[in-house]
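Following full-length UniProt numbering, the numbering of the sequence shown begins with 1 at its first residue and continues without gaps.
Beta carbons: idealized from backbone N, C-alpha and C, even for Gly.
Computed from a predicted structure; not experimentally measured.
Each remark here refers to the structure printed beneath this line.
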Amino acid sequence: MGSARRILLVSLFSLFALPAFAKTWFVRPDGGNRYDAKEYTAGQCDGRADAPYSGHGTNQHCAFSDVRYMYMVGTPGNVGWVMDGGDTVVIHGCRALKSQEHGDAPHCRIGTDTDRLSRDPDDFWCNNTQTCSIPSPPSGTPAQHTRILGDCAYGTYRCHPVDKYPYTDNNLTQLFGGYGLGVTFYLNGSKYIDIEGIEVTTHNGKCARYGTMHPLPGCVRNPPYSDQADQGITTDEKTSNILLQDVYVHGFSSNGMTGAIGGPITLNRVNISFNAFAGWNFDDGKPTPNGPHSSVEQHYVTMVGNGCQEEYPIVHPQFPAKGCWDSQTGGFGDAWSGQQSGMDSFTCDHCYIAYNTKDGAMGPHTQIKQIALTNSVWIGNMGQSGKWGQIDDSSFLFQNNLMVGNCMRMAEQLPGAPQNYDHNTNLPGSGLSGYCRAAGPLFDYFSGSHSSVHFNNNSIVTYQPVVFEPGCHDAKHCGTSPLYFTNNIVLGLIGSAPFGSGESPSLFYKDDDSVTVIGSHNIWDGVRNDLGTCGKGGTLCNTDPQWVNQPKTLKLARQTLLDNFDFRPSATSPANRRGVPVPGLTTDILGKPRPNPPSIGAIESH
């Protein structure tokens, strides 16, 4: 009994004592270089106080002046975090060293300071570009996460929301990779890591890695290096329990985020935009599956302009692209991009996915057990805005969403963009040609048998040739998984070439005859092939939804007519209070309470 009691007391002591051993480290521009008892005894600061270096003495209780001191000591290539798992580092900003080319203090350069890996005393950071990255932080524990905080996330939390588009109110701490850096920030193998108030980017306004049509100058990846970085954040099949909050990842010459994942990843107020290959690419180019229990939970996430090389400095904040390419012109352009592996769960609430040069969704390559896409907006993506695949016994929820299916939109110049990116302009960086790829469906989806599939209270306008293209994971078994459409509005338009043949969009095109669609209280207008849902369960067909300021004709004369489309029902709309209550759905996309009966569509009536 006494022995058991001692074991229990030791266990409890370990559990509650862990936070007491956690340390907080500080980086600020007026700090000093790093003291180390073995590697650099001439160092000025221990990094353990939120205080400047006094200007004299060694091993002072003060902050580091550069975030690289957190994982590099003073010997070229000597990489290892000074902090332990469960510690916190607060990065207020960095001081540019005298040897640093293109210094941008208080922003923090990641990588070498020059284009030739010079060996002057101040530039000891790397032996080569492979040792220049931020290494994987030491893992925390469920009780004590390792935390990497920007200035705005420390103390009184004051980070400006990064999910806004365009994002022009940036107060995050910036980490920028350059000079041939392959990866800026590794999270490979890391667990229980919180990253908050951080911007991860690169300052590349000159070169591109992708684009075979009207290319920009290619990035030089040998000395003297182009001042650019390929990838923002990488993960692997062991990465799990990661929180990104108020994080902005943009401008990279390849992917914003890339790699398989090994467990839960949570994004809260995150912007992953204008990365030249893809926003978040789960395909690492290897036959690496996602780990068991892998999931992605996202709230207020923005994905815009992926497939485009961002300009630097940014002078066109509404659409800061120096060039754009798609999968037909040597680029890519997915917002999220999958791989041949499974994932337990993928959710996105209050997300904004726009003007990506390929698909605005994962694709069917990653087959996901549970999907929930709610209160979100898709607009102007060049491929399918929705593209998902699921295995048997899965669940799918698409609810309270707005979707503008205008896959030809980027054939014309976007508001605020520096140029038109269509290949016919023959401008450098204008490489778009693959509009409405893969036959042009707006929403391509397949389910497995015995699954739950619900589309509730969505508002959609499109001229794409097919609105919904449902299919089967296992042929001939989808009849066990009806697709339920409740309280949706779809307005079909007749668009411009190559889909200007005079036909209205097909509402449904089944990839498999066993697909079953059950409709209730929907409004379909300007579409064909309703699969017999018209007049059943309160569904209205050939009925104008009467949204505010919608085009007066179903023939779309110009792409710009769908810019800033207003999905609010007018006072005379047949959608007002004509829906049926949906369990658990209490508000519309704007947070307005749903009455009983609710309105049809994503936005409640006035």
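- Annotation for phenylalanine 346: the continuous beta strand (DSSP E) segment containing it runs 341-349.
- About 5 Å separates the Cβ atoms of valine 490 and isoleucine 460, confirming a contact at the 8 Å cut-off.
- Comparing C-alpha distances from serine 570 to each of Ser605, Gly591, Ile134 and Asn426 shows the shortest one belongs to Ser605.
- Judged by beta-carbon spacing, asparagine 271 lies beyond the 7 Å limit of asparagine 306, meaning their Cβ atoms are not closer than that value.
- DSSP places methionine 303 in the strand class (E or B) of the three-state scheme.
- When the beta-carbon positions are compared, lysine 358 and glycine 429 stay at least 7 Å from each other.
- Taken through DSSP and simplified to helix, strand or coil, phenylalanine 21 comes out as helix.
- Residue burial annotation: phenylalanine 319 is buried, with at least 16 other C-beta atoms found within 10 angstroms of its C-beta.
- Taking each of Pro137, Ser139, Gly103 and Pro138 in turn and checking the Cα distance to aspartate 123, the smallest one comes out for Gly103.
- Straight-line spacing of the CA atoms in isoleucine 193 and leucine 267 works out to 12 Å.
- By the CB criterion at 7 Å, valine 301 and cysteine 219 fall outside the cutoff.
- If you ignore the 5 residues before and after glycine 431, its C-beta comes within less than 6 Å of the C-beta of Gly211, Met213, His214, Trp325, Thr329 and His423, all in its own chain and listed in chain order.
- Around the Cβ of tyrosine 157, a 10 Å sphere holds fewer than 16 other Cβ atoms; the residue is exposed.
- In the three-state DSSP reduction, histidine 107 falls in the coil class, being neither helix nor strand.
- Leaving aside the five residues that flank proline 418 on each side, the residues in its chain whose CB is nearer than 6 Å to its CB run, in chain order, His316.
- Taking threonine 258 as the centre and dropping the five residues before and after it, the same chain places the C-beta of Gln231, Thr234, Asn281 and Asp284 closer than 7 Å to its C-beta, in chain order.
- Partner residues in the beta bridge of histidine 250, as assigned by DSSP, are Thr201 and Ser273.
- Straight through space, the alpha carbons of asparagine 456 and phenylalanine 185 are spaced by roughly 39 Å.
- Counting along the chain, no beta strand (DSSP E) covers histidine 92, and no H or E run does either.
- In the DSSP annotation of this structure, the continuous segment of the beta strand (DSSP E) that includes methionine 403 starts and ends at 402-405.
- Between asparagine 290 and methionine 362, the gap from beta carbon to beta carbon reaches 7 Å or more.
- In this structure, the CA atom of proline 545 is about 13 Å from the CA atom of threonine 553.
- For methionine 72, there is no enclosing beta strand (DSSP E), as DSSP marks it with neither H nor E.
- For cysteine 308, the enclosing beta strand (DSSP E) starts and ends at 308-310.
- A residue is called buried once 16 or more other Cβ atoms fall within 10 Å of its Cβ, and glutamine 384 is buried on that count.
- In this structure, the alpha-carbon of glycine 538 lies about 36 Å from that of asparagine 356.
- For serine 514, same chain residues with a beta-carbon under 7 Å away, outside a window of 5 residues either side, are Cys472, Lys476, His477, Cys478 and Gly479 in chain order.
- With contacts defined by Cβ atoms closer than 7 Å, glycine 389 and proline 364 form a contacting pair.
- A straight line joining the alpha-carbon of valine 27 with that of threonine 168 spans about 25 Å.
- Just so you know, the alpha carbons of isoleucine 110 and serine 345 end up roughly 33 Å apart.
- At least 7 Å separates the beta-carbon of histidine 521 from that of tyrosine 484.
- When DSSP states are grouped into helix, strand and coil, aspartate 326 belongs to the strand group.
- Boundaries cannot be given for valine 79, as no beta strand (DSSP E) includes it and DSSP labels it neither H nor E.
- Restricting attention to Val183, Tyr53, Gln245 and Asp163, the CA atom closest to the CA of arginine 221 is found in Val183.
- Residue Asn59 holds the alpha-carbon nearest to the alpha-carbon of threonine 41 among Thr88, Ala51, Asn59 and Ile134.
- Annotated as proximal: alanine 335 and glycine 279, with beta-carbon spacing under 7 Å.
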